[in-house]
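Asks:
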Amino acid sequence: MKKKAIIPSIFIILGCIVVTTVVMFIQQNQVSKKDDKIYSSKEHKQRPSVNINRKLTEKITIGAIGDILIHSPVYLDAFNGAGYTFDPMFEPVKPLLEGPDVLTANQESMLGGLELGLSGYPMFNSPHEVANALVNSGVDIVSTANNHSLDKGEKGIQAESAFLDGIGLPHVGSFIDEKDRENLRIINKNGIKISFLSYTYGTNGIPVPTGKDFLVNLIDREVMKNEIHRAKKAADVVVMSIHWGNEYQRIPTDDQKDLANFLANEGVDIIFGSHPHVLQPMEWIQTTEGRKSFVIYSLGNFISAQYDNYKDIGGLATIDITKHVSEKGRTIELSNPMFSPTFVTSHRYHQFRVVPLENAGAYGLSNADAKYKEIQEHMNQWLR
119 MKKKAIIPSI FIILGCIVVT TVVMFIQQNQ VSKKDDKIYS SKEHKQRPSV NINRKLTEKI
179 TIGAIGDILI HSPVYLDAFN GAGYTFDPMF EPVKPLLEGP DVLTANQESM LGGLELGLSG
239 YPMFNSPHEV ANALVNSGVD IVSTANNHSL DKGEKGIQAE SAFLDGIGLP HVGSFIDEKD
299 RENLRIINKN GIKISFLSYT YGTNGIPVPT GKDFLVNLID REVMKNEIHR AKKAADVVVM
359 SIHWGNEYQR IPTDDQKDLA NFLANEGVDI IFGSHPHVLQ PMEWIQTTEG RKSFVIYSLG
419 NFISAQYDNY KDIGGLATID ITKHVSEKGR TIELSNPMFS PTFVTSHRYH QFRVVPLENA
479 GAYGLSNADA KYKEIQEHMN QWLR
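Here the sequence shown is numbered in this note's numbering, starting from 119 and rising by one per residue.
(1) Mind checking residue 468: buried by the 16 CB within 10 Å criterion, or exposed?
(2) Report the start-end ranges of each alpha helix (DSSP H) in the region 294 to 330 that is 4 residues or longer and not cut off at the edges.
(3) Run the CB neighbour count on residue 198, radius 10 Å, all protein chains shown included, and call it buried at 16 or more, exposed below.
(4) What's the call for residue 362, buried or exposed, on a 16-neighbour Cβ count within 10 Å?
(5) Between residue 308 and residue 324, what straight-line distance do the alpha-carbon atoms span, to the nearest angstrom?
(6) Under 8 Å, do residue 215 and residue 397 count as touching if we go by C-beta distance?
(7) How about residue 262 and residue 316: do their beta carbons lie closer than 8 Å?
(8) For residue 495 and residue 248, I'd like the C-alpha separation in whole angstroms.
(9) Please state whether the Cβ-Cβ distance between residue 272 and residue 327 is less than 8 Å.
(10) Quick check: what's the CA-CA separation for residue 211 versus residue 473?
(11) State buried or exposed for residue 345, treating a residue as buried only when at least 16 other CB atoms are found within 10 Å of its CB.
(12) Are the region 412 to 429 and the region 383 to 396 touching, with three or more C-beta to C-beta distances below 8 Å?
(13) According to DSSP, is residue 205 part of a helix, a strand, or is it coil?
(14) What is the rounded straight-line gap between the Cα of residue 428 and the Cα of residue 265?
(15) Curious, which full-length beta strand (DSSP E) runs of at least 3 residues does the region 221 to 297 contain?
(16) Given that a residue counts as buried once 16 or more other Cβ atoms are within 10 Å of its Cβ, and exposed if not, what is residue 482?
(17) Tell me, which residues are paired with residue 432 by DSSP?
(18) Taking C-beta to C-beta, are residue 241 and residue 399 nearer than 8 Å?
(19) Decide if the region 332 to 349 is in contact with the region 291 to 311; the criterion is three or more beta carbon pairs, one per stretch, under 8 Å apart.
(20) By how many angstroms is the C-alpha of residue 385 removed from the C-alpha of residue 353?
(21) Closer than 7 Å by C-beta to residue 475: which residues in its own chain qualify, once you throw out the five before and the five after it? Chain order, please.
(22) Tell me the DSSP secondary structure of residue 483 in three-state form.
(23) Got a sec, what are the start and stop residues for the beta strand (DSSP E) residue 420 sits in?
(24) Determine the contact status of residue 257 and residue 221, defining contact as a CB-CB distance below 8 Å.
(25) Is DSSP giving residue 492 helix, strand or coil here?
(26) Taking the Cβ atom as the reference point for each residue, do residue 285 and residue 254 lie within a distance shorter than 8 Å?
(27) What is the C-beta distance between residue 181 and residue 217, in whole angstroms, given that I count them as a contact (C-beta under 8 Å)?
(28) Assign residue 453 to one of two classes, buried (16 or more other C-beta atoms within 10 Å of its C-beta) or exposed (fewer than that).
(29) With a 10 Å radius around its C-beta and 16 neighbouring C-beta atoms as the bar for buried, classify residue 501 as buried or exposed.
(30) Are the Cβ atoms of residue 421 and residue 186 separated by less than 8 Å?
(31) If the criterion is Cβ atoms closer than 8 Å, does the pair residue 176 and residue 351 meet it?
(32) Would you mind giving the Cβ-Cβ distance between residue 236 and residue 243, rounded to the nearest angstrom? I have them listed as a contact below 8 Å.
(33) Which residue comes first and which comes last in the beta strand (DSSP E) that contains residue 177?
(34) Do residue 357 and residue 293 have their beta-carbon atoms positioned less than 8 Å apart in this structure?
(35) Could you have a look at residue 501 and say whether DSSP puts it in helix, strand or coil?
(36) With which residues is residue 452 paired in a DSSP beta bridge?
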């Protein structure tokens, strides 16, 4: 009787062992498949440690547009009876702006909003909704250090910062406190970290309040040098947006070129200039260390109410960034700088639109083809 009772027990135990083994095998197989899926994903592809060849190449395109300068006719045109809508102004160039992987713009006029009172030249304050339109058009970060940064004082900077933070649009150049200023603005795109810096020559004679130097970054070579070095340690690429030069001058000054060389030799990879309100050429800068930096001395006006004498022509500058990673280390390569000109059209200060310059003939520009050719030659003359 005992033997007959033992035999079924043995079969039960053996059955449990077999079932347990099968379950463990299936679970292990599922875990393996899950891990394979993770490591083959785009996120983990960026890690050299999981690449069999221990080599990695990532490539992105960064773009920049010039002055977002909202004169009163521009925001009056955007008023729809209940609020402000700027999206139609950028609609003709939206496909162009959505091309780069990362896009920056120079937010020239203060975005203090209605509560601080809207105004145009010479003391600008624009509706918050400008920023919404930029985001909807593909802008990823804005520079806010320029000669209009203090047009509405500290309250303007605080209001602008709060709104931009609220819609998730990074901004650099003006800050609400020292802690904010110390926080580097870094965008990580496809495993390439880009640190954005921004400085201006001045604030139209409006003094920075005593003890509040953090409000806006003023050009100071020693300060810039220290921040560039800090940014270089934290990122793969350092981009400097800088407000400099002389208004309406189409060729950079000697001071601009000297400062550009200083910035490049301290570690800045890409320099996007603004303030002249007209386009100035692109150029490569060969550093003493053998690196190659890129500068566009002025991006001109992207949208404004200024017209004639090249003030209504801006554009999109792009350049490719390639990151090579291997067991020997990391290298950054800049290549393929390009410029796509744009034109601001309006009808008696109404229906403002930014359009590709090559299409501007359809909006009334009689010599659009010739102007397009002229601008391309102007912008590329030092890249040959």
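Glycine included, each C-beta is placed from N, C-alpha and C at the ideal position.
Replies: In this structure, then:
(1) Taking the sequence shown and counting its residues from 1, the one referred to as residue 468 is at position 350. Note on residue 468: under 16 other CB atoms within 10 angstroms of its CB, so exposed under the neighbour-count rule.
(2) Unbroken alpha helix (DSSP H) runs of no fewer than 4 residues, entirely contained in the region 294 to 330, are found at 296 to 300, following chain order.
(3) Looking up residue 198 in the sequence shown gives position 80. Per the 10 Å Cβ criterion, exposed.
(4) Counted from its first residue, the sequence shown places residue 362 at position 244. Buried is the label assigned to residue 362, since at least 16 other Cβ atoms lie within 10 Å of its Cβ.
(5) Position 190 of the sequence shown holds residue 308. Position 206 of the sequence shown holds residue 324. Distance between the alpha carbons of residue 308 and residue 324: 41 Å.
(6) Indexing the sequence shown from 1 puts residue 215 at position 97. Indexing the sequence shown from 1 puts residue 397 at position 279. Contact flag unset, no.
(7) In the sequence shown, the residue the question calls residue 262 occupies position 144. In the sequence shown, the residue the question calls residue 316 occupies position 198. Contact annotation: residue 262 and residue 316 have beta-carbon atoms nearer than 8 Å.
(8) Your numbering for residue 495 matches position 377 in the sequence shown. Your numbering for residue 248 matches position 130 in the sequence shown. Distance between the alpha carbons of residue 495 and residue 248 is about 32 Å.
(9) As a first step, residue 272 is located in the sequence shown; it is residue number 154 there, counting from the start. As a first step, residue 327 is located in the sequence shown; it is residue number 209 there, counting from the start. The Cβ-Cβ distance between residue 272 and residue 327 falls below 8 Å.
(10) The residue labelled residue 211 in the question sits at position 93 within the sequence shown. The residue labelled residue 473 in the question sits at position 355 within the sequence shown. In this structure, the alpha-carbon of residue 211 lies about 6 Å from that of residue 473.
(11) By 1-based counting over the sequence shown, the position of residue 345 is 227. Under this definition residue 345 is a buried residue.
(12) With three or more CB-CB distances shorter than 8 Å, the region 412 to 429 counts as touching the region 383 to 396.
(13) Numbered from 1 along the sequence shown, position 87 holds the residue referred to as residue 205. Residue 205: helix per DSSP, three-state reduction.
(14) Reading the sequence shown from its first residue, position 310 is the one you call residue 428. Reading the sequence shown from its first residue, position 147 is the one you call residue 265. Taking the straight line from one Cα to the other gives about 21 Å.
(15) Assignment of beta strand (DSSP E) within the region 221 to 297, counting only whole runs of 3 or more residues, yields 259 to 261 in chain order.
(16) Here residue 482 is taken as the residue at index 364 of the sequence shown, counted from 1. Under this definition residue 482 is an exposed residue.
(17) Counting from 1 along the sequence shown, the entry for residue 432 is found at position 314. According to DSSP, residue 432 bridges with 460.
(18) Walking along the sequence shown from the start, residue 241 turns up at place 123. Walking along the sequence shown from the start, residue 399 turns up at place 281. A distance of 8 Å or more separates the beta carbons of residue 241 and residue 399.
(19) Contact annotation: the region 332 to 349 touches the region 291 to 311, with at least three C-beta pairs closer than 8 Å.
(20) Taking the first residue of the sequence shown as position 1, residue 353 is located at position 235. Taking the first residue of the sequence shown as position 1, residue 385 is located at position 267. C-alpha separation (whole angstroms): 11 Å.
(21) Position 357 of the sequence shown, counted from the first residue, corresponds to residue 475. Contacts found: 431, 459, 460, 461, 486, 489, 490, 493.
(22) One-based indexing of the sequence shown puts residue 483 at position 365. Here residue 483 sits in coil by DSSP.
(23) For the purposes of this step, residue 420 is identified with residue 302 of the sequence shown, where counting begins at 1. Unbroken beta strand (DSSP E) run through residue 420: 419 to 421.
(24) Within the sequence shown, numbered from 1, the residue matching residue 257 stands at position 139. Within the sequence shown, numbered from 1, the residue matching residue 221 stands at position 103. Yes, they are a contact pair.
(25) For the purposes of this step, residue 492 is taken as residue 374 along the sequence shown, with counting starting at 1. Three-state result, residue 492: helix.
(26) Along the sequence shown, read from residue 1 onward, the residue named residue 285 stands at position 167. Along the sequence shown, read from residue 1 onward, the residue named residue 254 stands at position 136. No.
(27) Residue mapping note: residue 181 aligns to position 63 of the sequence shown, counting from 1. Residue mapping note: residue 217 aligns to position 99 of the sequence shown, counting from 1. Right, the Cβ-Cβ distance comes to about 7 Å (below 8 Å), so this counts as a contact.
(28) Here residue 453 is taken as the residue at index 335 of the sequence shown, counted from 1. Exposed.
(29) The count along the sequence shown starts at 1 and reaches residue 501 at position 383. Burial call: exposed.
(30) On the sequence shown, position 303 is the one that residue 421 refers to. On the sequence shown, position 68 is the one that residue 186 refers to. Yes. Within cutoff.
(31) For the purposes of this step, residue 176 is taken as residue 58 along the sequence shown, with counting starting at 1. For the purposes of this step, residue 351 is taken as residue 233 along the sequence shown, with counting starting at 1. Their beta carbons are not under 8 Å apart, which means residue 176 does not touch residue 351 by this criterion.
(32) In the sequence shown, the residue the question calls residue 236 occupies position 118. In the sequence shown, the residue the question calls residue 243 occupies position 125. Residue 236 to residue 243, Cβ: 6 Å. Contact.
(33) If you number the sequence shown from 1, residue 177 lands on position 59. 174 to 186 is the span of the beta strand (DSSP E), which, as asked, contains residue 177.
(34) By one-based count along the sequence shown, residue 293 stands at place 175. By one-based count along the sequence shown, residue 357 stands at place 239. No, they are not a contact pair.
(35) Counted from its first residue, the sequence shown places residue 501 at position 383. Correct three-state label for residue 501: coil.
(36) Position 334 of the sequence shown, counted from the start, is the residue given in the question as residue 452. Bridge partners of residue 452: 439.
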